[in-house]
Amino acid sequence: MIRRFAATLAAFAVTGFARVVTGVRGNWIGCTPSPEPRIYFANHASHGDFVLIWTVLPPALRRQTRPVAGADYWQADRVRRFLGRDVFDALLIDRDPATRTNDPVTRMAEALGAGQSLILFPEGTRNTSGAGLLPFKSGLYHIARTRPEVDLVPVYIDNLSRVLPKGEVLPVPLLCDVRFGAPLRLGEGEEKDAFLARARAAVVALSAKPGTAVADGAGEARP
Amino acid sequence: MTAREQTIALFLGIAAFLTLASAIGLVLKRRAGAGPSPGIDNLNARIKAWWVMVALIAAAFVAGKAGVIILFAFASFAALREFLTLTDTRRADHRALAAMFFVVIPAQYWLVYDEWYGLYSIFIPVYVFLLLPIIMALRGDTTRFMERVAEMQWGLMVCVFCLSHVPALLTLPIPGYEGRGLLLIAFLVLVVQSSDVLQYVWGKLLGRRKIAPALSPSKTWEGFVGGAASAVLLGAALWWITPFTPLQAAAMALVLALLGFFGGLVMSAVKRDRGVKDWGRMIEGHGGMLDRLDSVVFSAPIFFHLVRYWWVP
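As given, the protein sequences belong to chains P and G, one line each in that order. For the first sequence, UniProt numbering assigns the number 1 to the initial residue and increments by one for each residue that follows. For the second sequence, UniProt numbering assigns the number 1 to the initial residue and increments by one for each residue that follows.
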């Protein structure tokens with residue numbers, strides 16, 4: 001009971017803080033918010049990435065949208081365990097195939113089956129190069145094959161890596177933007193590499209600021 | 001009339017005017033029918049935002065000097081974040097950026113609160129101007145060094161230094177005008193913003209010949225002349241809240257309208273350079289904080305110094 005209350009309070013504090021620091025707004029370019037189970041897949045440059053996505057979702061959707069995250073990070077100490085389990089209700093994945101007891105794709109499919117949406121970072125790790133996107137890992141393809149009826153929504157998180165670069169403690173309050181593109185699904189007979197390239201290109205396409213020319217194909221954000 | 005009565009009369013006048021604008025917006029919307037009509041919807045969003053902005057300024061006026069200074073400190077904060085979001089900073093700039101938000105803005109506005117003219121008028125153009133590049137050089141990242149430093153300096157000058165001259169008007173000891181500094185701020189903001197609005201209105205009604213098509217498609221000669229002339233008339237009509245005679249008030253209003261116009265033009269050029277239409281979307285219908293303040297930023301320091309030169313012994 002107290003734990004539940006603390007989690008609600010913490011969620012309020014976290015989203016409030018994210019709003020104050022980054023002035024973030026959701027920019028639904030290719031779709032609108034929907035309670036259907038979905039997978040939001042986004043670029044990953046900062047620990048705050050899924051907090052921003054979570055913040056711009058309507059509160060009703062926020063409750064049923066779970067980030068998929070590495071168990072090693074979110075179980076490292078008590079604060080993170082509280083945040084990961086009670087506040088964000090993260091779907092924790094053991095990143096090491098040697099030690100894990102159940103298949104991540106199965107667990108994701110179960111969550112979708114229970115009506116939950118997921119936030120996924122297919123780059124697999126934080127991209128700290130400051131430009132472009134890393135190649136996508138294959139998890140997105142496997143879950144798309146397992147649950148072909150689920151919409152896959154590309155998301156681009158703009159500027160957060162400048163707000164809090166790796167190794168800095170104090171955030172700089174620059175404006176961030178979360179852009180949602182048009183949903184994708186796995187095509188009939190579409191190969192893994194082709195699908196992952198198409199999914200990645202959908203995120204890259206969102207990296208250009210609306211109303212400006214699309215950044216070059218390599219996925220360079222505006223320099 | 002006492003300063004208090006004048007302030008109340010002024011805000012009642014503004015409220016009456018906004019009520020009229022809201023009524024016109026409502027009639028236009030009803031005549032346009034139920035469907036979306038972007039032009040009219042934007043007009044109504046703008047009018048609504050004006051109500052909010054006027055209410056905020058009124059609240060700050062009630063709180064007095066501290067309230068106004070805090071209001072403009074937050075405006076600087078919002079403007080600077082919009083400006084820096086569009087600059088090409090690098091990871092090595094992080095400390096310098098943090099210092100701009102968390103040290104320079106509070107320090108500048110504290111100096112204004114402290115009425116320390118000798119320091120707030122040179123703090124950014126001298127001390128920060130020299131210290132900021134030192135901090136950045138110590139980080140050792142020389143890629144586009146001069147560009148990065150110059151963009152940050154520009155951001156601070158425009159969004160913090162220039163804007164802080166609005167509340168700094170409170171610190172001017174004008175003989176016979178004691179305790180009325182808030183009304184001088186009201187005069188500045190009212191004339192500059194009305195000039196913007198009236199240029200927009202005249203431009204919509206009569207605008208034909210574009211002044212600077214490369215910078216701004218909406219600025220026309222008809223709008224500019226009509227708007228500036230109306231702003232001069234408004235400024236003259238507001239002489240009773242200023243230390244000026246009606247003629248002096250008209251001349252000041254002309255200076256404000258001209259600088260405000262060119263401020264808008266310069267900031268448009270920056271936006272064009274960065275490929276964006278608006279600075280942000282903080283203010284519904286208007287865009288960002290800087291979209292609303294570009295004209296104030298350019299007119300406030302010069303207005304401040306003209307008043308200081310001629311009216312402060």
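Where is the CB? At the ideal position from N, CA and C, for every residue including glycine. Since the model is a prediction, treat every value here as computed from it, not as a measurement.
Residues of the same chain with a CB within less than 6 Å of the CB of PHE61 of chain G, apart from the 5 flanking positions on each side, are LEU182 in chain order.
For the stretch 235–249 of chain G, the set of positions with a beta-carbon nearer than 8 Å to some beta-carbon of chain P is empty.
Shown here for ALA10 of chain P: same chain residues with a beta carbon closer than 8 Å to its own, the five before and five after excluded, namely PHE82, LEU83, ASP86, VAL87 in chain order. DSSP, reduced to helix, strand and coil, places GLY23 of chain P outside both helices and strands of the structure shown, so it counts as coil. Chain-order list of chain P residues neighbouring LEU97 of chain G: VAL172, by C-beta distance under 7 Å. At least one beta carbon of chain P lies nearer than 8 Å to the beta carbon of THR89 of chain G. Distance from the CA of LEU258 of chain G to the CA of ASN44 of chain G, rounded to the nearest whole angstrom, comes to 27 Å.
For ALA42 of chain P, the enclosing beta strand (DSSP E) begins and ends at 38–42.
Spanning the alpha carbons of GLU284 of chain G and LEU71 of chain G requires a straight line of approximately 18 Å. The three-state secondary structure of VAL169 of chain P, taken from DSSP, is coil. Listed along chain P are PRO165, GLU168, VAL172, each with a C-beta nearer than 7 Å to that of HIS94 of chain G.
VAL192 of chain G carries a helical assignment under DSSP once its states are collapsed to helix, strand and coil. The C-alpha of ILE40 of chain G is placed about 12 Å away from the C-alpha of ALA34 of chain G.
Residues of the stretch 249–283 of chain G that bring their beta carbon within less than 8 Å of a beta carbon in chain P comprise GLY275, VAL276, LYS277, GLY280, ARG281, MET282, in sequence order. Within 10 angstroms of the beta-carbon of ARG66 of chain P lie 16 or more other beta-carbons, which makes it buried. Counting only residues of its own chain and dropping the five nearest sequence neighbours on each side, ARG95 of chain P has a CB closer than 8 Å to the CB of GLY70, ALA71, ASP72. SER295 of chain G sits buried, since 16 or more C-beta atoms from the chains shown fall within 10 Å of its C-beta. Beta-bridge partners assigned by DSSP to ARG66 of chain P: P:LEU118. In the DSSP assignment, PHE180 of chain P is bridged to P:TRP28, P:VAL155. Identification of chain P residues near PHE101 of chain G by a Cβ-Cβ cut-off of 7 Å yields VAL172, PRO173, ordered along the chain. Sorting G:THR220, G:LEU130, G:ARG272 by C-alpha distance to the C-alpha of LEU156 of chain G places G:LEU130 at the top.
Only residues of its own chain outside the window of five on either side were considered, and among them THR22, GLY23, ASN159 have a CB closer than 7 Å to the CB of LEU175 of chain P, listed in chain order.
Taking a Cβ-Cβ threshold of 7 Å, the residues of chain P close to LEU84 of chain G are LEU174, in chain order. Chain G has a Cβ within less than 8 Å of the Cβ of LYS209 of chain P.
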